[in-house]
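The structure under discussion appears below in the form of structure tokens.
Number of protein chains: 2
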Amino acid sequence: MTTQQLTKNQGLVFDVLSHSDSPLSAYTILDKLRDNGFRAPLQVYRALDKLLEFGLVHRLESINAFVACAHPHEGCHNHGITAFTICETCGQVTEFHDHVIEDRLKAFAKGRNFKTGKTTIEIRGTCAGCA
Amino acid sequence: MTTQQLTKNQGLVFDVLSHSDSPLSAYTILDKLRDNGFRAPLQVYRALDKLLEFGLVHRLESINAFVACAHPHEGCHNHGITAFTICETCGQVTEFHDHVIEDRLKAFAKGRNFKTGKTTIEIRGTCAGCA
DNA sequence: GCAATTGATGTAATAACATTACATTTACAT
DNA sequence: ATGTAAATGTAATGTTATTACATCAATTGC
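As you go down the protein sequences, you meet chains P and Z in turn.
Residue numbers for the first sequence follow my numbering, beginning at 103 and rising by one.
Residue numbers for the second sequence follow my numbering, beginning at 103 and rising by one.
In structure tokens:
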């Protein structure tokens, strides 16, 4: 999945997120794209929905914000569950993947006959630089 | 931590959550407490803040809702990181604790000199009964 | 007792986040 | 070229959460 096959709006939103050094809310993205013709939240949310579907973007549930995937070329769906550290001071987000955690969560779900959809793992705190 | 030392509003909110079989939004709680004199969201949010602080209630970040702790007597803070399965069909929430997952997350944070605040682990999907 | 402080409450207004509904346009396979 | 699916534009509304300010209640120190 490259950036080429994205539509205009999807490309614009992905671009904004890619160049940001911290997560952005949908409304912040909207403001950044006003000059590109964006007028309404839905334009952002629709693009985000697609980008999430493509695995190019992640939604951080605990802060209602979005970040570009750390390795968009492969599409993050190939990497299983994604976990994040989120610095509450500077906004730095680090994405990581841990197969042990994933296995434990899968095992728990399986044991309960729970059919897993999307899993959220987010650690909020303070990064090394801000400590 | 028993229910005794809660204030009136805290007690009312905790009661509503305790008797619910699924997570509730702050505004749903508000509606359920109108007859008890609740008039504004802030009355709910303030009570929830305290209940969260006491470890009597959990916030489910991925669905903007709240549940009573599964073992409120001990205070959930004693149990380390709390993880949840959340059935998107019936709302059933199961709370669990996994020390292996916790250790992995702590190790990752430590390795990055990331100072951990609150950690969110939520699996959304379909429970056995709804499958 | 009674001021002083702190924690809890009441109320209104507003901010922040997200979706529904409906009309129109674009992309593209047949 | 035309039918269909996907994407877009726009307005309105719904949902979640906070700010600001006034009042009340409980506790402490004197």
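Using N, Cα and C, we set each Cβ at its ideal position, and we do this for glycine too.
Confirm, please, whether the CB-CB distance from residue j to residue i is below 8 Å.
| i | j | result |
| --- | --- | --- |
| E163(P) | T222(Z) | yes |
| L303(P) | L135(P) | Past the edges of chain P, shown from 103 to 233, lies residue 303(P), and the structure says nothing about it. |
| L153(P) | A128(P) | no |
| T187(P) | R206(Z) | no |
| C229(P) | F216(Z) | yes |
| G231(Z) | C178(Z) | no |
| R226(Z) | K220(P) | yes |
From what residue to what residue does the beta strand (DSSP E) around residue i run?
| i | result |
| --- | --- |
| G113(P) | It is not in any beta strand (DSSP E) - G113(P) instead sits in the alpha helix (DSSP H) that spans 110–120. |
| I203(P) | Element bounds for I203(P): not the beta strand (DSSP E) but the alpha helix (DSSP H), 201–213. |
| T196(P) | 195–198 |
Can you give me the Cβ contacts of residue i inside the same chain, cut-off strictly under 6 Å, excluding the 5 residues immediately before and after it?
| i | result |
| --- | --- |
| K110(P) | none |
| P174(Z) | L158 |
| F140(P) | L132 |
| M103(P) | Unreliable placement is indicated for M103(P), whose pLDDT of 45 sits below 50; no coordinate value is reported for it. |
| N138(P) | L114 |
Which residues in the same chain as residue i place their Cβ atom closer than 8 Å to its Cβ, once the five residues preceding and following it in sequence are excluded?
| i | result |
| --- | --- |
| H199(Z) | H181, G182, I183, T184, A185 |
| I203(Z) | I183, A185, I223 |
| V195(P) | S124, P125, L162, V169, F186, T187, I188, C189 |
| T218(P) | L207, K208, A211 |
Tell me the DSSP bridge mates of residue i?
| i | result |
| --- | --- |
| C189(P) | G227(P) |
| R161(P) | F168(P) |
| K220(Z) | Looking at the DSSP assignment, K220(Z) forms no beta bridge with any residue, so it has no partner. |
Tell me which residue opens and which closes the alpha helix (DSSP H) that residue i is part of.
| i | result |
| --- | --- |
| L153(Z) | 143–156 |
| T130(Z) | 128–134 |
Taking 7 Å as the limit between beta carbons, can you name the residues of its chain near residue i, skipping five residues before and five after?
| i | result |
| --- | --- |
| L108(Z) | F116 |
| A172(P) | E197 |
| P143(P) | A128, Y129, L132 |
| Q112(Z) | A149, K152, L153 |
| Q145(P) | N111 |
| A167(P) | P125, L126, S127 |
Let me check you understand the geometry: is the CB of residue i closer than 7 Å to at least one non-hydrogen atom of the ligand HEM?
| i | result |
| --- | --- |
| L158(P) | Although the ligand HEM was asked about, the structure shown includes no ligands whatsoever. |
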